[in-house]
Structure formats: C-alpha cells, structure tokens
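Q: Below: one structure in structure tokens.
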Amino acid sequence: MKYPEYEKAFSPARLNKYLTACGGDTMAALTLYRHNIKLCQKCYGILNIFEVVLRNAINEHYKALFADPDWIRHQLQPGGMLYSYPRRASVLNAIAELDTGGRYTNDRVVSSVTFGFWTYLFTRVPFRRGGSTLLQVFPAKTIGLGQRAIFNELQTIKDSRNRIAHHEAICFDSTGTKSTVAARASYALVIKYIKFLGYQESHLYFGLDVLPDKIMKKIDSL
C-alpha cells in the first residue's frame, strides 16, 4: 500500500501528527505509527497486570478489615464507605445483573468495576471511611509517602491507561514532538507501584513479551 491508501484507511487527521513529527517523511511517519501501536500494546499489557494485582490486594485488604467477603456490595449502601462514589449506580447495576443471572460473586464484581473505582478508594473521603488503612496494601512503599501523593500518582497511571484504551498516541509530547518521555515516566510509575505492592517486575512479567524498552528505543532513534 502507498501512503495515500494508508491515509484513506486511517484518516489524514490521524496520520498528520506522525507525518509532521517526521518532517514530512511518509515512510518514517508510517513506521512511527506502527511503533506507537506496539508501544501501546506493551504498555497496556503492563498496566493490565498491575491493575489485577492492585485490585486483588485492595479486595483482600477490605475483606479482612470489614470481615465481609461482600464488602463492595455492602459499602455501597447508605452510610457505607462507597456511598458517595460518583459511579455508584453503575456498580449497583452490575451487581443487579449478576444477581439476576445467578452469577453473583464478589470476585466477579471485583473484575467488573473500572480501574477508576480502585483509584477512587485513595481519595480522602473513602480513605478515611476505610479507617485510613489502605496504604497497608503497599508494604514496600517509600516511607512518608501519603494518601494524597499516592492518589495523584495512581491517577497519572490511570490517565495513561485511558489514553491507550481510547487509541490515543503516546509517542508525542504536549507540543506534538516525537517523544517517549511521558511513556517512560508512566512505565516507571507502574514498576514503582509493583514494587510497593511487594513484587519484582522480573517475577510478575516473567515470560511475557510486554516490557517496552526496545520499542521506546526504536521510537527515540527514528
């Protein structure tokens, strides 16, 4: 396929930023476009594993704290820790659908809620209503790192995840210049929190071709 055919397939609006970043070189622009897709794939794999490990740690923490295997369902009720959650209705609807289908389990609720649900738990109100205990899920965290700082960093990770989920480019800076600085920073944050959770990335990602170092180097050298 020639470049105009790719423009027709992907749209000029989508490809133009790659073309501009590559100084009008159509071959380099398409290469950068493909590199960005590969980078998104790898970063999403890393984020997916992190999300699963984080939500499981939080789930186990609150199951023990509340002595309640169905803590999400019950904490959504009036007076509960999650009653002020902005998307409370969507979680209640998901629970109702599981109930209706006879498929309800806490594990299915845990897997059905969004990453934003888990980061919300680190905001001030639910954090305090949960006894200000949630940082215990990070046994290896930096000493002195508090609730607000952790929420802000998890929010940064969430924003990066959402960019990838919405098929946005992650190989540019805010000016549209080719750059992996933001992607590297997000990746570093994920690895930092994997370690806070008490794991090593070499163990969690063992045998998986998801680490993005090589593709980021290709982008940098393009």
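Note that my numbering numbers the sequence shown so that position 41 is 433, with each residue one more than the last.
Ideal Cβ placement from N, Cα and C applies to all residues, glycine included.
Just grab the DSSP bridge partners of residue 570 for me.
A: Locating residue 570 in the sequence shown gives position 178, where the first residue counts as 1. For residue 570, which the question treats as bridged, DSSP gives the partners 564.
Q: Tell me the rounded alpha-carbon separation between residue 567 and residue 561.
A: Translated into the one-based positions of the sequence shown, residue 567 becomes position 175. Translated into the one-based positions of the sequence shown, residue 561 becomes position 169. Distance between the alpha carbons of residue 567 and residue 561 is about 13 Å.
Q: Could you work out which residue in 432, 536, 457 is closest to residue 523 when comparing CA atoms only?
A: Your numbering for residue 523 matches position 131 in the sequence shown. It is 457.
Q: Looking at the unbroken alpha helix (DSSP H) that takes in residue 470, where does it start and where does it end?
A: For the purposes of this step, residue 470 is taken as the residue at position 78 of the sequence shown. Counting along the chain, residue 470 falls outside any alpha helix (DSSP H), and DSSP gives it neither H nor E.
Q: What does the alpha-carbon distance come out to for the pair residue 605 and residue 508?
A: Taking the first residue of the sequence shown as 1, we reach residue 605 at position 213. Taking the first residue of the sequence shown as 1, we reach residue 508 at position 116. If you take the alpha carbons of residue 605 and residue 508, they lie about 27 Å apart.
Q: Residue 531 to residue 514, Cα distance in whole Å?
A: To locate residue 531, count along the sequence shown from 1; it is residue 139. To locate residue 514, count along the sequence shown from 1; it is residue 122. Answer to the nearest angstrom: the Cα atoms are 16 Å apart.
Q: According to DSSP, is residue 608 helix, strand or coil?
A: As a position in the sequence shown, residue 608 is number 216, starting the count at 1. It is helical.
Q: Just to check my reading of the structure: residue 389 and residue 435 have Cβ atoms closer than 8 Å, yes? What is that Cβ distance to the nearest angstrom?
A: There is simply no residue 389 to check, as the chain begins at 393 and stops at 614 in what is shown.
Q: My guess is that residue 422 and residue 454 are in contact by the Cβ rule of under 8 Å, so how many angstroms apart are they, rounded?
A: Indexing the sequence shown from 1 puts residue 422 at position 30. Indexing the sequence shown from 1 puts residue 454 at position 62. In fact, because the Cβ distance is near 48 Å, the residues do not count as touching under 8 Å.
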